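Residue numbers (my numbering): 651 to 1026.
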């Protein structure tokens, strides 16, 4: 039987539609993603933990879901909101409705996503809540008011242990130079990109200490993407600071390369004393233009973050300079150390979804790693 559902936003607006996926209620910050494909990769990206995601492309679910497309062990979105959902798909795949239902994730279809996104762009990210009801209670004003009240009572991202929830179990894969990956919500394609380039990747949970990571004697370190506000996890920024100190102590004669991606980029910035702040409505999509300030080249990138590094706060004596910039809003998209092999990127060089044009980021990192191995 068809189920009705309503999305209530903290500003008092309500959006009625038809439920799919699981029948449970959901609440979280409401953000939008402009990618045309990759809905499973989006749903299973731990960076979306704590968020209700609105997909702007009008038709979602037409090619089903499959194991290879999953970016983590489960979907992390609180809920998906779409204009139209396809509940049939090709043989050998699982339809999106069944996929979400099997993990307890609700969905809401039949929404004017264009109007909803315009509201989010005008007002910024808003907290929201989804409630499901029998069809005869569709448009019930009492249910709508309840959804708005739940949205207004939803805790902000900074109040939730999102990174600790998202981190995985320790594991090791691949063969070759040793790369330690600090998992603050890593996407599987980051691991694949490293392994394809000949790395042995050992994944350390977000709660790992710098001593635990360094005791493995890695040849390189990656600090991954992840959800939430970097200011809410000072203990991981402190771990990052210790790792940076270890790199500085080794200098250029015994280099230890570090690569920070998305949240990892922000953690490196906070570790050197810079601040981070919230973007009006975040960057979520697969078509964000970024310019490399050293070469002048422009790349189209995949992005998924709510926060940015404040350029003016980067200490002048840190050795770090801005290496790339977002051409839409001018925000910082990368940092590089002037002397040490430390690079960070706000965007997702692994894509998934989105362009894979930026995978040379991993090539450059692994070149640094192999150089470090050669100098041992």
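We treat Cβ as the ideally placed atom computed from N, Cα and C, and that holds for glycine.
Predicted model, so just to flag it, every value in this text is computed and none were measured.
How many Å lie between residue i and residue j at the Cα?
i	j	result
residue 702	residue 943	34 Å
residue 794	residue 708	24 Å
residue 675	residue 660	16 Å
residue 735	residue 955	25 Å
residue 975	residue 941	5 Å
residue 877	residue 765	26 Å
residue 910	residue 994	4 Å
residue 759	residue 977	33 Å
residue 815	residue 934	21 Å
residue 937	residue 931	16 Å
residue 728	residue 697	11 Å
residue 732	residue 969	45 Å
residue 964	residue 982	11 Å
residue 781	residue 998	33 Å
residue 666	residue 791	11 Å
residue 1001	residue 879	22 Å
residue 850	residue 722	19 Å
residue 973	residue 662	41 Å
residue 924	residue 891	12 Å
residue 652	residue 839	36 Å
Could you tell me if residue i is buried or exposed, where buried requires 16 or more neighbouring beta carbons within 10 angstroms of its beta carbon?
i	result
residue 819	exposed
residue 1013	exposed
residue 1024	exposed
residue 1026	exposed
residue 833	buried
residue 777	buried
residue 885	exposed
residue 678	buried
residue 874	buried
residue 671	buried
For the alpha helix (DSSP H) containing residue i, name the first residue and the last one.
i	result
residue 987	Here residue 987 belongs to no alpha helix (DSSP H); instead the beta strand (DSSP E) covers 982–987.
residue 691	689–693
residue 844	838–846
residue 863	860–864
residue 796	791–803
residue 1022	1010–1024
Taking only beta-carbon atoms, is residue i less than 8 Å away from chain D?
i	result
residue 849	Absent from the structure is chain D; it holds one protein chain and no more.
What residue range does the beta strand (DSSP E) around residue i cover?
i	result
residue 855	850–855
residue 938	926–942
residue 668	664–671
residue 756	756–759
residue 975	970–976
Does the pairing of the region 975–995 with the region 824–841 give three or more beta-carbon distances under 8 Å? Too few Cβ pairs lie closer than 8 Å, so no.
Using a Cβ distance threshold of 8 Å, determine whether the region 916–928 contacts the region 835–847, with at least three qualifying pairs required. These segments do not touch.
Under 8 Å, with one C-beta from each stretch per pair, do the region 862–872 and the region 748–755 reach the 3-pair mark? Taking a contact to require three or more Cβ pairs closer than 8 Å, the region 862–872 and the region 748–755 do not qualify as touching.
Are there three or more Cβ pairs, one per stretch, closer than 8 Å when the region 714–730 is compared with the region 857–864? No, because fewer than three Cβ pairs between the region 714–730 and the region 857–864 fall closer than 8 Å, the two stretches do not touch.
If we require 4 or more residues per run, which alpha helix (DSSP H) segments fall completely within the region 870–924? Complete alpha helix (DSSP H) runs here, min 4: 884–900 and 913–921.
For the region 798–805 against the region 689–699, are there 3 or more C-beta pairs whose distance is under 8 Å? Output reads no: the region 689–699 does not touch the region 798–805.
Return the chain-ordered ranges of every alpha helix (DSSP H) run that is complete within the region 715–788 and spans a minimum of 4 residues. Runs found: 746–752 and 763–773.
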